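Working notes, beginning with the structure itself.
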Amino acid sequence: MTADPTAPAPAPIPTPTFADIVTARDLLATHLPPTPMWSYPALDAATGAEVHVKHENVQPVGAFKVRGGLTLLAGLDPTERARGLVTYSTGNHAQSIAYACAAFGVTGTVVMPAGANPAKVRAVRALGADVVLHGADMAGAQRRAERYADETGALLISPGDTPALVSGVGTAYLEICAARPDLDAIVVPVGSGTGAAAAVLVAAELAPNCRVIGVQSAAAPAAHDSWRAGTCVTRANTTVVDGLATGRGFALPQRLLRQGLADFLLVSDADIAVAQRLFATHAHTLAEGAGAAALAAVLTHPAEFAGRRIAVMCSGGNASPAEIAALGGRHE
Ligand SMILES: *Cc1c(COP(=O)(O)O)cnc(C)c1O
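The end of the sequence shown is residue 530 by this note's numbering, with every number in the run present.
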């Protein structure tokens, strides 16, 4: 298909600002309490750093993304809400949109890859959204969601290139910087990059000396490689860590990451499994793989973090049945 040369260029995606994140915080105040951030002496001893764990695993859908979904729905006008929403996700964005649609009485449809974590599929359905299982990965699910939007008129929500999602998830970083304005670093797991992009916006305003460091699985490095290349690239996506399983860079978060991300680290899926076990044994915390990726980066880059005061984003707790079974592996 060739583009129609007379068609207007698509409007550029507006870049969210710090002020948008503050607005989102006020709006979310009636929906979600702030989440705790705790440190654990045993975890500090194991990492050699002063680690503050931001517990987004205790959110109502088990992940930080609910902040974005509620912010998005709150900002839609009645005609947009009447159209219903469709999106694509490996799971937590799906739960966030389903939760927010239920809160605002809006019809939500989520296309998830056919092999999605069954616990997440169950949770999305229980929240009342329609789930379509389609495609081998996020790219396949995206194509199906785009077709659904064309056929039904539903509003298509990109999990990465949607400003309200960045503003909403940014409220987690407002809480972190308010609780500990003296951090050396915030370590953030990256999939599409909305969380890390928001962290960059907040740190620039409230903690300019705090480095924001992104983390991806080496088995799905599209965001990392996009940041290093300075342009959005696609990459093989073979990670088993569903919260991080994206195969391409997203333009909006990448724009913000280029402005302010201090470093971007890669960890292996095996490193992530070790960090999940450490969360369980040293911090009584059930983290899903993506929720343990930031801790995995701290464990595998001791020189970068030794003696530092850092916030580690435990972004989610929706461990799959296989991940829970793997917690029974060898313990220190
Ligand atoms: C989505 C997700 C991530 C990645 O967040 P992005 O904003 O897409 O970069 C990390 N951890 C968990 C638990 C997630 O659900």
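Cβ atoms here follow ideal geometry from the backbone N, Cα and C, with glycine treated the same way.
Since the model is a prediction, treat every value here as computed from it, not as a measurement.
For residue i, which residues in the same chain have their Cβ closer than 6 Å to its Cβ, ignoring the five residues on either side in sequence?
i	result
T307	V284 and D328
A440	Before going further, note that residue 440 is Asp rather than Ala in the sequence given. Hits under 6 Å: T288, G289 and N315.
G282	T305 and A352
Q293	V259, A321 and V322
Please go through the same chain and pick out, in chain order, the residues whose beta-carbon is closer than 7 Å to the beta-carbon of residue i, but skip the five residues on each side of it.
i	result
G141	Residue 141 falls outside the range modelled here, since the chain spans only 199 to 530, and no answer is possible.
L459	A394, V398, V410, G412 and W425
Could you check whether the Cβ of residue i sits closer than 7 Å to any heavy atom belonging to ligand 1?
i	result
A401	no
V388	yes
L484	no
N315	no
T221	no
H291	yes
A376	no
V367	yes
L455	no
A488	yes
K263	yes
A417	no
Counting only the same chain and skipping the five closest in sequence on each side, list residues whose C-beta sits under 8 Å from that of residue i.
i	result
L230	Q257, P258, V264, R265 and L268
L442	P387, V388, G389, Q414, S415, A418, G487, A488 and A491
L381	H250, I374, C375, A405, C408, R507, I508 and A509
Could you check the C-alpha separation between residue i and residue j for me, to the nearest Å?
i	j	result
T233	P500	27 Å
P212	P357	15 Å
L525	A478	8 Å
M199	T277	Residue placement at M199 is flagged as unreliable, the pLDDT there being 42, under the threshold of 50; the coordinate-derived value follows with that caveat. C-alpha separation (whole angstroms): 30 Å.
P239	L372	24 Å
G428	V386	19 Å
A324	P519	18 Å
K252	P206	43 Å
C299	G505	43 Å
T360	T432	19 Å
F503	G303	45 Å
A494	Q474	8 Å
A215	Q452	Note that residue 215 corresponds to Thr in the displayed sequence, not to Ala. Distance between the alpha carbons of T215 and Q452: 14 Å.
L497	T245	6 Å
Check your understanding: Does the count of Cβ pairs from the stretch 504-521 and the stretch 483-492 closer than 8 Å reach three?
Key -> Three or more Cβ pairs drawn from the stretch 504-521 and the stretch 483-492 lie within less than 8 Å of each other, which places the two stretches in contact.
**Study point:** Any 3 or more C-beta pairs closer than 8 Å across the stretch 461-469 and the stretch 416-424
**Key:** Touching, yes, given that three or more Cβ pairs across the two stretches are closer than 8 Å.
Review point. Does the stretch 331-350 come close enough to the stretch 442-453 to have 3 or more Cβ pairs within less than 8 Å?
Key: Verdict: yes, contact present.
Practice item. Kindly provide the ranges of any alpha helix (DSSP H) runs that are 4 or more residues long and lie completely inside the stretch 312-355, ordered along the chain. Key: Counting whole runs of 4 or more residues, the stretch 312-355 contains the alpha helix (DSSP H) stretches 316-324 and 336-350.
Point to revise | Length-filtered (4 minimum) alpha helix (DSSP H) runs lying within the stretch 372-407 | key: Considered as a whole, the stretch 372-407 harbours 392-404 as its complete alpha helix (DSSP H) runs of no fewer than 4 residues, in chain order.
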